[in-house]
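Chemist: This is the structure, below, for whatever I ask next.
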Amino acid sequence: MLDAVLFQTQIIVGRELRQKEHTWIKALSDRVQKQEMRELLERVHSLKQKFDRELADSVLEVSIEANWEIVEELRGDDSMCKALLEIMEPEINKIVESKVQKSILNAVRSFRDLGADDKRIQEILVKNYELTPEEAIQYL
Numbered sequence: 001m002l003d004a005v006l007f008q009t010q011i012i013v014g015r016e017l018r019q020k021e022h023t024w025i026k027a028l029s030d031r032v033q034k035q036e037m038r039e040l041l042e043r044v045h046s047l048k049q050k051f052d053r054e055l056a057d058s059v060l061e062v063s064i065e066a067n068w069e070i071v072e073e074l075r076g077d078d079s080m081c082k083a084l085l086e087i088m089e090p091e092i093n094k095i096v097e098s099k100v101q102k103s104i105l106n107a108v109r110s111f112r113d114l115g116a117d118d119k120r121i122q123e124i125l126v127k128n129y130e131l132t133p134e135e136a137i138q139y140l
């Protein structure tokens with residue numbers, strides 16, 4: 001039998017923690033109540049420092065995945081839906097930007113397959129994707 005453990009261990013009993021003092025730890029549970037999720041979203045929304053937001057977003061991501069039913073209920077609440085969207089906006093914007101770039105690259109390949117030259121492709125990208133000529137050149 002081993003008398004020592006590989007690393008120090010601490011057991012946290014979530015239901016014994018006070019919500020106001022331990023919001024972030026309690027959020028990691030799969031037993032978050034609707035009001036607790038609201039409070040968590042409000043706390044995340046109130047953070048202004050980039051690093052704090054990134055850490056909070058990590059906790060929020062775990063909490064949302066573990067408590068999906070609660071999040072689904074909150075989606076019907078306009079104020080909570082707006083808060084969720086604002087919190088997730090940077091991530092949503094990254095996804096949208098990535099999809100737009102892939103779309104443009106696919107269009108460029110298609111135009112090349114049809115025999116269009118770079119000058120014509122650039123004109124089409126400027127017109128249809130509202131790019132500047134300089135931005136369009138980057139896709140060629």
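Numbering-wise, the sequence shown is residues 1 to 140 according to this note's numbering.
A virtual CB, placed ideally from N, CA and C, is assigned to each residue, including glycine.
For clarity, every value in this text was computed on a predicted model and none was experimentally measured.
From the beta carbon of residue 74, is the nearest beta carbon of chain B less than 8 Å away?
Modeler: Absent here is chain B; the protein component of the structure consists of one chain.
Chemist: At 3 residues or longer, and completely inside the segment 29-63: list those beta strand (DSSP E) runs for me, N to C.
Modeler: Complete beta strand (DSSP E) runs here, min 3: none at all.
Chemist: Give the range of the alpha helix (DSSP H) segment to which residue 121 is assigned.
Modeler: Position 121 of the sequence shown, counted from the first residue, corresponds to residue 121. 118-129 is the extent of the alpha helix (DSSP H) around residue 121.
Chemist: Compute the distance between the beta-carbons of residue 105 and residue 129, then report whether it is under 8 Å.
Modeler: Within the sequence shown, residue 105 is the residue found at index 105, counting from 1. Within the sequence shown, residue 129 is the residue found at index 129, counting from 1. It is not a contact, given that the beta carbons lie outside the stated cut-off.
Chemist: Going by C-alpha distance, which of 95, 73, 52, 87 is nearest residue 33?
Modeler: Here residue 33 refers to the residue found at position 33 when the sequence shown is read from its first residue. Comparing Cα-Cα distances from residue 33 to each of 95, 73, 52, 87, the minimum goes to 73.
Chemist: Return helix, strand or coil for residue 111, following the three-state DSSP convention.
Modeler: The residue labelled residue 111 in the question sits at position 111 within the sequence shown. Note: residue 111 maps to helix in three-state DSSP.
Chemist: Give me, in chain order, the residues of the same chain whose beta-carbon lies closer than 7 Å to that of residue 133; leave out the 5 immediate sequence neighbours on both sides.
Modeler: Locating residue 133 in the sequence shown gives position 133, counting from the first residue. Hits under 7 Å: 122, 126.
Chemist: Between the alpha carbons of residue 13 and residue 99, how many angstroms are there, rounded?
Modeler: Here residue 13 corresponds to residue number 13 of the sequence shown, with the count starting at 1. Here residue 99 corresponds to residue number 99 of the sequence shown, with the count starting at 1. So the two alpha carbons sit approximately 43 Å from each other.
Chemist: Can you find at least 3 beta carbon pairs, one from the segment 83-96 and one from the segment 107-121, that sit closer than 8 Å?
Modeler: No, because fewer than three Cβ pairs between the segment 83-96 and the segment 107-121 fall closer than 8 Å, the two stretches do not touch.
Chemist: State yes or no: is the C-beta of residue 27 within less than 8 Å of the C-beta of residue 40?
Modeler: Counted from its first residue, the sequence shown places residue 27 at position 27. Counted from its first residue, the sequence shown places residue 40 at position 40. Against a cut-off of 8 Å, the Cβ pair of residue 40 and residue 27 comes out as a contact.
Chemist: Quick check on residue 17: does DSSP put it in helix, strand or coil?
Modeler: In the sequence shown, counting from the first residue as 1, residue 17 sits at position 17. It is coil, neither helix nor strand.
Chemist: Taking all protein chains shown into account, decide if residue 6 is buried (16 or more other Cβ within 10 angstroms of its Cβ) or exposed.
Modeler: Along the sequence shown, read from residue 1 onward, the residue named residue 6 stands at position 6. By the 10 Å Cβ count, residue 6 comes out exposed.
Chemist: Pop quiz: residue 37 and residue 71 are said to be a contact at Cβ under 8 Å. What is the actual Cβ separation, rounded to whole angstroms?
Modeler: For the purposes of this step, residue 37 is taken as residue 37 along the sequence shown, with counting starting at 1. For the purposes of this step, residue 71 is taken as residue 71 along the sequence shown, with counting starting at 1. Contact flag correct, Cβ pair sits at about 7 Å.
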